[in-house]
Ligand SMILES: NC(=O)C1=CN([C@@H]2O[C@H](COP(=O)(O)OP(=O)(O)OC[C@H]3O[C@@H](n4cnc5c(N)ncnc54)[C@H](OP(=O)(O)O)[C@@H]3O)[C@@H](O)[C@H]2O)C=CC1
Ligand SMILES: O=C1O[C@H](COP(=O)(O)O)[C@@H](O)[C@H](O)[C@H]1O
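Residue numbers (UniProt numbering): 1 to 603.
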């Protein structure tokens, strides 16, 4: 059984909460889980940073799940571990906001604050797939404040009941958290409402504001807008939300989804436009890879284990590989993708963010600004990517086992003859004392043979030749390799050499393996859960600051322009293959062999 040093799990903390606590009020002020969470972490300080000053501290009565007075309802039981898909009629009948609050046992208390979360683009793919399920998971874990409301906003015409119905189809309970699952879903869905409006209409947002106020019932209102819409309408929506639906007496924050522009200029223009309506403090630029468990764990691994940090430099590390692969194409998202390509879609953000966390110096503290300062520093020490250090590819149709998989350009939303890369490999360098000369190789592709994301750290050869003859000719295969498997089947393992038991002297490669599924019984939360919770708490550590974004774009913009201006033709690779062979030549130029070629001890 795992013992946890620092528990920040909302529900597990709730069980050990005391009956009252004194601290600055926040949207979570009466949630025992939250009280405990902030006591243990630096989040508390961050959560106090808001646009408006907070009222003075006071005694907070603890509110528990049981006290919420959930309405008993007949529900379809959870069967075979799957979530319910049927809602009963009572749930779908929409009550007025006040009725809902009273029914849920909430009495108006103007001294308490509320959080209203508006999902802008609620009818879309991301909202359905990720945002609503993450909000439900937070609710299930008692991580949302006592008073919260969720509003879906989009142009599509929908009633509250229809939104609830749509949302209910994607809600699930964790495998290890099924208790009262249907009941919790019903309670959650009652807090979800919908408002149909245009993204560029201040009047429509003003009506939303009115509805939010009704829900907030005179309490201090904190408002979070999640922009789950295409980037061309970000500014319209931000303008209208900010001018017509900002909180009058609490904080207003906006989560902005990627892409943050397509190069340095457009990104700077986006930031400038956003800052017409919001301060930097209000902008939460999301990169969901930063919310992934093993990416969060990177700093813990580095800075809390003496054995790693001394090795973390050019002295011991030969190369670092950041690998992303998907075993499906751009199906359905070709229109978006063709405008961006894999370098902008994955490398400039997800993989570069991982690289920054991997390579940064020790931050002064775990505070958001200290961490982000270090990330900016390391990004600014990097050399802009050169054309000769990039290989691009695009998948072509392939028939296997009687099934024909489409080419990228077969997608109706992709322009004929598109040269947009669906695969790229790149070699990047950090020109600082720690990393001078160490190649950081990135590889990202769609429609490859497997799905996964990992960080591979290949160490140098052991000096001297004590055991060289036992390794055979291939010394590279005998070097230590640390693998951080971000997904799927999370793991951290270290490849070491070991003597095969017996009278002879035969060496063998083995893994010291921290396999999450075996070590921890808990299901790993989705990245969006962590990030939404952080945004609600005002914790900015896992969000991208504007100077960080500028630094990231300046590494990729020149090469992206060159690729486009020179109309570089991608190397075509079959759907479901390992990608273009050019990636191997690129790696070989730096004496690197990709670690994901797979060996019998990798899984
Ligand atoms: N889907 C994903 O897996 C990921 C998405 N993202 C980002 O998240 C954001 C949302 O993504 P996703 O949900 O896939 O996007 P969608 O294309 O599904 O768009 C979301 C909603 O925006 C509205 N919309 C779509 N196109 C337009 C348009 N041209 N003009 C006005 N409104 C429009 C539609 O709502 P209505 O018509 O009802 O107004 C739609 O339901 C994007 O910025 C995307 O890049 C980031 C990572 C992953
Ligand atoms: O941001 C994006 O990420 C997804 C991959 O996310 P994951 O969490 O499923 O690994 C990718 O499919 C998409 O193209 C990209 O925009």
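Cβ atoms here follow ideal geometry from the backbone N, Cα and C, with glycine treated the same way.
It should be emphasised that the depicted structure is a prediction, and the values quoted were computed from it without experimental measurement.
Member of 258, 230, 331, 226 whose CA lies at the smallest distance from the CA of residue 346 | Of 258, 230, 331, 226, the residue nearest in Cα terms is 258.
Cβ shell of residue 548 (< 7 Å), same chain only, five flanking positions each side left out | Excluding residues within five positions, the ones whose Cβ falls inside 7 Å are 372, 375, 376, 379.
Contact belief for residue 314 with residue 438 at Cβ below 8 Å, rounded distance in angstroms | Between residue 314 and residue 438 a beta carbon distance of about 5 Å is seen, short of the 8 Å cut, so the two are scored as contacting.
From 256, 298, 290, residue whose alpha carbon lies closest to that of residue 278 = Ranking 256, 298, 290 by Cα distance to residue 278 puts 256 first.
Among the residues of its own chain, which have a CB less than 8 Å from the CB of residue 207, if the five just before and after it don't count?
-> Cβ neighbours of residue 207 beyond the five flanking positions: 195, 197.
Would residue 523 be called buried (16 or more neighbouring beta carbons within 10 Å of its own) or exposed?
-> With fewer than 16 other Cβ atoms within 10 Å, it is exposed.
From residue 589 to residue 595, what does the alpha carbon distance come to, in whole angstroms?
-> Near 15 Å, if we compare the C-alpha coordinates of residue 595 and residue 589.
Near ligand 2: residue 354 beta-carbon under 7 Å from a heavy atom = Residue 354 Cβ: outside cutoff for every heavy atom of ligand 2.
Determine the direct distance from the alpha carbon of residue 339 to that of residue 475, and round the result to whole angstroms.
-> Distance between the alpha carbons of residue 475 and residue 339 is about 43 Å.
Distance between residue 527 and residue 290 (C-alpha atoms, nearest Å) | Rounded to whole angstroms, residue 290 to residue 527 spans 7 Å at the Cα level.
May I have the straight-line CA-CA distance separating residue 268 from residue 553, to the nearest angstrom?
-> Cα to Cα, the separation comes out at about 10 Å.
Given a threshold of 16 other Cβ atoms within 10 Å of its Cβ, counted over all protein chains shown, does residue 80 qualify as buried or as exposed?
-> Residue placement at residue 80 cannot be trusted, given a pLDDT of 35 that sits under 50; what the coordinates show is reported in the next sentence. Residue 80 counts as exposed, since fewer than 16 other C-beta atoms from the protein chains shown sit within 10 angstroms of its C-beta.
Beta-carbon contacts of residue 212 that lie in its chain and below 8 Å, excluding the five residues immediately before and after = These residues qualify, in order along the chain: 116, 118, 149, 151, 221, 223, 245.
Ignore the nearest five residues each way along the sequence and tell me which others in residue 323's own chain have a CB closer than 6 Å to its CB.
-> Around residue 323, the same chain offers 443, 454, 596 as residues with beta carbons nearer than 6 Å, after the five sequence neighbours per side are excluded.
Excluding sequence positions up to five away, which residues of its chain have a Cβ less than 7 Å from the Cβ of residue 302?
-> The answer, listed in chain order, is 308, 309, 312.
Excluding the five sequence neighbours on either side, which residues of its own chain have a C-beta within less than 7 Å of the C-beta of residue 353, listed in chain order?
-> Setting aside the 5 residues that flank it on each side, residue 353 is surrounded in the same chain by 287, 289, 290, each with a C-beta closer than 7 Å to its C-beta; the list follows chain order.
Using the rule of at least 16 other Cβ atoms within 10 Å of the residue's Cβ for burial, across every protein chain shown, is residue 169 buried or exposed?
-> Its Cβ having fewer than 16 others within 10 Å, residue 169 is exposed.
Residue of 400, 507, 529, 535 minimising C-alpha distance to residue 575 = Checked all of 400, 507, 529, 535; the closest Cα to residue 575 is 400.
At what residues does the beta strand (DSSP E) containing residue 182 begin and finish?
-> Per DSSP, residue 182 belongs to no beta strand (DSSP E); it is in the alpha helix (DSSP H), 181-190.
Alpha carbon to alpha carbon, how far is residue 585 from residue 460? Give it in angstroms, no decimals.
-> The C-alpha of residue 585 is placed about 20 Å away from the C-alpha of residue 460.
Length of the line joining the Cα atoms of residue 320 and residue 440 | Here the alpha carbons of residue 440 and residue 320 stand approximately 5 Å from one another.
Residue 587 burial status per 10 Å Cβ neighbour count (16 or more: buried) | It is buried - the Cβ of residue 587 has at least 16 other Cβ atoms within 10 Å.
Validate contact between the region 503-517 and the region 536-548 using beta carbons, cut 8 Å, 3 pairs = Flag = no, the region 503-517 and the region 536-548 do not touch.
What residues are listed by DSSP as bridge partners for residue 154?
-> Answer is 196, bridged to residue 154.
DSSP three-state assignment for residue 462, whether helix, strand or coil = Assigned with DSSP and collapsed to three states, residue 462 falls in coil, not helix or strand.
Which class does residue 16 belong to by DSSP, given the choice of helix, strand or coil?
-> Note that residue 16 scores a pLDDT of 32, beneath 50, so its modelled location is shaky and nothing firm can be said.
On the premise that residue 306 lies in contact with residue 562, defined as a C-beta separation below 8 Å, what is that separation, rounded to the nearest angstrom?
-> Their Cβ separation, rounded to whole angstroms, is 44 Å, which puts residue 562 and residue 306 out of contact at 8 Å.
Could you give the C-beta distance for residue 273 and residue 235, rounded to a whole number, given that I count them as a contact under 8 Å?
-> Their Cβ separation, rounded to whole angstroms, is 5 Å, which keeps residue 273 and residue 235 in contact under 8 Å.
Would you mind working out which of 216, 136, 125, 122 sits nearest residue 533, comparing C-alpha positions?
-> Out of 216, 136, 125, 122, 136 has the C-alpha closest to the C-alpha of residue 533.
In angstroms, rounded to a whole number, what distance separates the CA positions of residue 417 and residue 391?
-> Taking the straight line from one Cα to the other gives about 19 Å.
3-residue-minimum beta strand (DSSP E) runs that sit fully inside the region 489-524, ordered along the chain = Counting whole runs of 3 or more residues, the region 489-524 contains the beta strand (DSSP E) stretches 491-499, 507-515.
Taking buried to mean at least 16 other C-beta atoms within 10 Å of its own C-beta, is residue 429 buried or exposed?
-> It counts as buried.
Between residue 464 and residue 414, is the Cβ-Cβ spacing less than 8 Å?
-> Result no, Cβ atoms of residue 464 and residue 414 do not sit closer than 8 Å.
Using a threshold of 7 Å, is the CB atom of residue 331 nearer than that to any non-hydrogen atom of ligand 1?
-> False, no ligand heavy atom lies under 7 Å from that Cβ.
Measure from the alpha carbon of residue 432 to the alpha carbon of each residue in 592, 383, 237, 218, then state which is nearest.
-> Closest in C-alpha terms to residue 432, from the list 592, 383, 237, 218, comes 383.
Alpha carbon to alpha carbon, what distance is there between residue 248 and residue 421?
-> For residue 421 and residue 248, the distance between alpha carbons rounds to 46 Å.
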